[in-house]
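Have a look at the structure below before the remarks.
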Amino acid sequence: MLDLLRFGSEGWGDEIASGAVMTLLVAVSAYLVGLFLGSGAAAAKLSGPAPLRWLAALYTTVVRGVPALLVIWLLFFGGSGLVTWVATLFGYGGRVELSAFAVGVAAVGIVSGAYATEVIRGAVRAVPKGQLEAARALGMGRLLILRRILVPQALRYALPGLGNVWQMTLKDTTLVSVVSLAELMRQAYLGMQSTRQPFLFYVTAAILYMVMTTCSEALFRALSRRADRGVRRAVSN
1 MLDLLRFGSE
11 GWGDEIASGA
21 VMTLLVAVSA
31 YLVGLFLGSG
41 AAAAKLSGPA
51 PLRWLAALYT
61 TVVRGVPALL
71 VIWLLFFGGS
81 GLVTWVATLF
91 GYGGRVELSA
101 FAVGVAAVGI
111 VSGAYATEVI
121 RGAVRAVPKG
131 QLEAARALGM
141 GRLLILRRIL
151 VPQALRYALP
161 GLGNVWQMTL
171 KDTTLVSVVS
181 LAELMRQAYL
191 GMQSTRQPFL
201 FYVTAAILYM
211 VMTTCSEALF
221 RALSRRADRG
231 VRRAVSN
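Here the working numbering is used: the first residue of the sequence shown is 1, the next is one more, and so on.
Here you go:
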């Protein structure tokens, strides 16, 4: 039975491997989109004008309140129409079709961003206000405070939560199989359909997901230890 996982024309090893690579591509791209959206929404909630605060609150409330699969379906069926409408405003007369990869990255990124917003907002609030006040008293500008004090400290507080957001984003990529993107779960499903061996292909997919999540957890743990090095030295001294 394991011969079905061989590489080459007689096995499904190539397809499973390419599906795992596609899963990582979608997850990394969506995570970066989520960090961008989450940083913007967190900034709006913390210090933006009232309309932006309301918009950011609406974004996080709605997206966290509906299933991720529904977000994917909405973008899959309505995304091309929305982009086409925007394109007509710039004089383009044709229809714009979004690829399954673009839909998957956008949908998972939107969901990831909603959760990253709260992680980043909480991390910024955890930075002691006294340090910011001291920096202002020393005459440091906003950009310098942001670069030297706020971002490094907030990143240290945010890393554990952002690690959880990454794990969630990685697992949410399984939902992208509904738009026929050839990621890991889609390839496992096709292999199961072709060979009638569901246990083999789904266990293989589970093992690969465990490898990816375990390696990711070790990476974020190492990043957290690195971010905490100066703090531990200061406490020990």
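Even glycine gets a Cβ: it sits at the ideal position worked out from N, Cα and C. Computed from a predicted model, the values in this text were never measured in an experiment.
- Relative to the Cα of Pro-160, the nearest Cα in the group Asp-228, Val-105, Val-33 belongs to Asp-228.
- For Gln-197, the secondary structure class from DSSP, reduced to helix, strand or coil, is coil.
- Boundaries of the alpha helix (DSSP H) harbouring Glu-133: 129 to 137, taken from the DSSP string.
- In terms of Cα proximity to Leu-82, the closest of Tyr-59, Leu-223, Val-103, Asp-14 is Val-103.
- Its chain contains Ala-123, Val-124, Val-127 as the residues whose beta carbon lies nearer than 6 Å to that of Ala-154, once the 5 sequence neighbours on both sides are disregarded; these appear in chain order.
- Per the C-alpha coordinates, the member of Val-178, Ile-145, Ile-120 positioned closest to Leu-132 is Ile-145.
- Three or more pairs of CB atoms, one per stretch, sit closer than 8 Å, so the segment 103 to 121 contacts the segment 35 to 51.
- By the Cβ test, the segment 10 to 28 is in contact with the segment 180 to 189, since at least three Cβ pairs between them sit closer than 8 Å.
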